[in-house]
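Chemist: Under my numbering, the first residue of the sequence shown is numbered 173, with each subsequent residue one higher. The beta carbon of each residue, even a glycine, is placed where N, CA and C say it ideally should be. Handing you a structure now.
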Amino acid sequence: MSRLQTEEQAVDSEGDSSLHRRNEEGTQSSHRMLGFSDALLSIIATVMILPVTHTEISPEQQFDKSIQKLLATRIAVYLMTFLIVTVAWTAHTRLFQVVGKIDDTLALLNLACMMTITLLPYTFSLMVTFPDVPLGIFLFCVCVIAIGSVQAMIVGYAFHFPHLLNPQIQCSTHRDLSRRHILHLVLRGPALCFVAAVFSLFFFPLSYLLMVTVIFLPHISKATTWCKDKFMGQRESPAHNMEPFSIDLHAPLSKERVEAFSDGVYAIVATLLILDICEDNVPDPKDVQEKFSGSLVAALGAYGPQFLAYFGSFATVGLLWFAHHSLFLHVRKATQTMGLLNILSLAFVGGLPLAYQQTSAFARQPHDELERVRVSCAIIFFASIFQFAIWTTALLHQTETLQPAVQFGGQEHAFMFAKLALYPCASLLAFAATCLLSRFSTAIFHLMQISVPFAFLLLRLLVRLALAGLQVLRGLWPHHPQQDQSEPETQSQLLPDPC
173 MSRLQTEEQA VDSEGDSSLH RRNEEGTQSS HRMLGFSDAL LSIIATVMIL
223 PVTHTEISPE QQFDKSIQKL LATRIAVYLM TFLIVTVAWT AHTRLFQVVG
273 KIDDTLALLN LACMMTITLL PYTFSLMVTF PDVPLGIFLF CVCVIAIGSV
323 QAMIVGYAFH FPHLLNPQIQ CSTHRDLSRR HILHLVLRGP ALCFVAAVFS
373 LFFFPLSYLL MVTVIFLPHI SKATTWCKDK FMGQRESPAH NMEPFSIDLH
423 APLSKERVEA FSDGVYAIVA TLLILDICED NVPDPKDVQE KFSGSLVAAL
473 GAYGPQFLAY FGSFATVGLL WFAHHSLFLH VRKATQTMGL LNILSLAFVG
523 GLPLAYQQTS AFARQPHDEL ERVRVSCAII FFASIFQFAI WTTALLHQTE
573 TLQPAVQFGG QEHAFMFAKL ALYPCASLLA FAATCLLSRF STAIFHLMQI
623 SVPFAFLLLR LLVRLALAGL QVLRGLWPHH PQQDQSEPET QSQLLPDPC
């Protein structure tokens with residue numbers, strides 16, 4: 173009898189193993205598909221700025237309050253939609269923390285999700301072109317709902333075939349709890365967009381408010397939980413005897429995925445600049461013959477200000493990327509707040525093609541140069557100040573988030589401070605100078621664009637000279653022996669070694 177049972181168990185185990193092998197045959201790693209998805213999402217988030225940059229302002233039109241209001245409204249809607257796309261990217265990243273492998277069906281479902289995401293810029297164009305017509309908002313919300321629905325289908329399919337799941341979740345006895353958890357993360361944004369789509373039919377301003385709520389919903393939920401635990405006491409988990417989740421779906425995203433998405437945004441912004449050059453600054457053959465006597469060199473010379481604006485804008489994008497790269501080179505772990513600040517910085521980086529459009533229009537519309545310089549300075553300031561905010565936030569938990577070299581008292585601390593503070597200070601100084609010397613606003617802006625790259629090259633030397641000067645001043649300051657003995661570590665941290 174026992175021999176018969178042993179044979180049956182052996183047959184069952186062989187059947188299970190053969191079934192497992194059959195399931196594994198059609199699967200593959202999801203890494204390349206995730207790279208493709210990250211690239212596509214970063215492109216979609218960035219090209220949202222194109223309808224804003226192509227806002228038509230004729231040379232006869234003044235940059236008056238009506239134009240300023242139109243531009244401000246479009247920028248606000250762009251920021252909102254950019255951040256909603258990053259919410260979709262975050263949900264996609266969380267989803268594939270749970271799904272470890274893909275097969276043909278799951279790959280096609282992901283492509284359907286990406287195709288729906290590519291429709292978002294079109295619906296955004298409808299929103300900014302027809303701001304008083306609710307159809308654009310309705311279609312945008314429908315796209316977000318469709319994205320969430322496809323992601324929910326991916327969840328259902330992956331849990332129906334557990335061999336596609338992350339191995340840690342495959343072995344878990346609480347897969348249903350994991351499934352409900354990831355579905356909640358994937359569907360909460362689309363659920364709010366469904367309500368926004370309904371309200372867009374009869375009161376669309378409330379739709380905008382609900383769409384903004386989608387962006388900050390994870391942080392609102394976290395703050396609500398913290399307040400509830402603070403004032404009502406921390407509740408015991410109902411499943412405290414159950415095994416803990418091996419994957420924390422509320423944990424910050426990996427530093428590598430954040431860097432990959434950020435690099436994609438910077439690369440696309442840099443590419444969009446040259447597209448405008450190719451489109452707007454190629455002379456018409458008829459004009460070359462009639463106005464420049466057939467001289468192509470003379471015709472290209474007329475576009476000199478536009479090329480100057482391009483080089484200045486590309487340098488700005490490149491140096492902001494370099495500052496971002498230098499910062500994340502020393503980041504050990506990105507917290508949730510750092511992730512939010514990074515997305516806000518990227519949203520304004522995505523607005524740099526608009527800054528280029530404004531500066532390239534100086535020659536065509538010189539009477540509006542002051543307003544255009546201020547718009548450009550504001551975009552650069554916010555793109556860079558959020559980078560600086562990432563670093564200051566990281567310093568609050570520096571032992572967890574930063575390498576020792578850039579912590580307080582580290583060898584690179586002062587240099588990192590100067591590198592990240594350079595663009596905020598330069599853009600703010602240029603903005604203030606245009607308020608005092610409005611007649612020279614164009615010259616002030618171009619001077620900032622030219623001087624900042626040279627300041628980057630000399631920055632380490634300047635920081636060392638400044639630290640050496642502070643060392644000399646500290647040597648001239650009267651010493652108090654008791655204070656020196658009691659606080660030697662504090663003084664060494666306040667003034668790091670310049671070498």
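Please classify I392 as buried or exposed, where buried requires at least 16 other C-beta atoms within 10 Å of its C-beta.
Modeler: exposed
Chemist: Round the Cβ separation of I440 and L255 to the nearest angstrom and send it over; I've been treating them as touching at under 8 Å.
Modeler: 17 Å between Cβ atoms; not a contact.
Chemist: Report yes or no: do the stretch 326-335 and the stretch 378-393 share at least 3 C-beta pairs separated by less than 8 Å?
Modeler: No: the two stretches stay apart, fewer than three of their Cβ pairs being nearer than 8 Å.
Chemist: In three-state DSSP terms, what is I221?
Modeler: coil
Chemist: Measuring straight from C-alpha to C-alpha, what distance separates A586 and A506?
Modeler: 21 Å
Chemist: Can you tell me whether S344 is helix, strand or coil according to DSSP?
Modeler: Three-state DSSP puts S344 in coil, outside helix and strand.
Chemist: Can you check which of these residues, L512, V437, S467, is closest to G490 by C-alpha distance?
Modeler: V437
Chemist: Answer with buried or exposed for E584, where buried requires no fewer than 16 other C-beta atoms within 10 angstroms of its C-beta.
Modeler: buried
Chemist: Going by the DSSP bridge assignment, what does V271 pair with across the sheet?
Modeler: L337
Chemist: For the candidate residues F626, Y482, F483, K458, whose alpha-carbon lies nearest to that of A471?
Modeler: K458
Chemist: Out of V224, T199, V316, C607, which has the shortest C-alpha to C-alpha gap to D276?
Modeler: T199
Chemist: Exposed or buried, what is P416 when buried is set at 16 or more other beta-carbons lying within 10 Å of its beta-carbon?
Modeler: Residue confidence is low: P416 scores 40 on pLDDT, short of 50, so the model does not pin down where it sits. Its coordinate-derived value is still stated next. By the C-beta density criterion, P416 is exposed, having fewer than 16 other C-beta atoms within 10 angstroms.
Chemist: Given that a residue counts as buried once 16 or more other Cβ atoms are within 10 Å of its Cβ, and exposed if not, what is C450?
Modeler: With fewer than 16 Cβ atoms within 10 Å of its Cβ, C450 is classed as exposed.
Chemist: Taking H618 as part of the alpha helix (DSSP H), name the residues at either end of that continuous run.
Modeler: Run containing H618: 613-648, per the alpha helix (DSSP H) assignment.
Chemist: How far does the alpha helix (DSSP H) with T288 in it extend, from its first residue to its last?
Modeler: Per DSSP, T288 belongs to the alpha helix (DSSP H) from 276-290.
Chemist: Does E541 pass the burial test, meaning 16 or more other C-beta atoms within 10 Å, or should it be called exposed?
Modeler: buried
Chemist: Just the C-alpha distance for I319 and P625, rounded to the nearest angstrom, thanks.
Modeler: 42 Å
Chemist: Output the distance between the C-alpha atoms of M620 and S599, rounded to the nearest integer angstrom.
Modeler: 7 Å
Chemist: Measuring CB to CB, does L373 end up less than 8 Å from I289?
Modeler: no
Chemist: Count the other CB atoms within 10 Å of the CB of V249; is the residue buried (16 or more) or exposed (fewer)?
Modeler: Per the 10 Å Cβ criterion, buried.
Chemist: Would R726 be called buried (16 or more neighbouring beta carbons within 10 Å of its own) or exposed?
Modeler: Summary: the structure shown does not reach residue 726, with the chain confined to residues 173 through 671, and so no result is reported for it.
Chemist: Taking three-plus beta-carbon pairs below 8 Å as touching, is the stretch 279-289 in contact with the stretch 340-355?
Modeler: no
Chemist: Have a look at the DSSP bridge pairing and note the partners of L492.
Modeler: None; L492 has no bridge partner.
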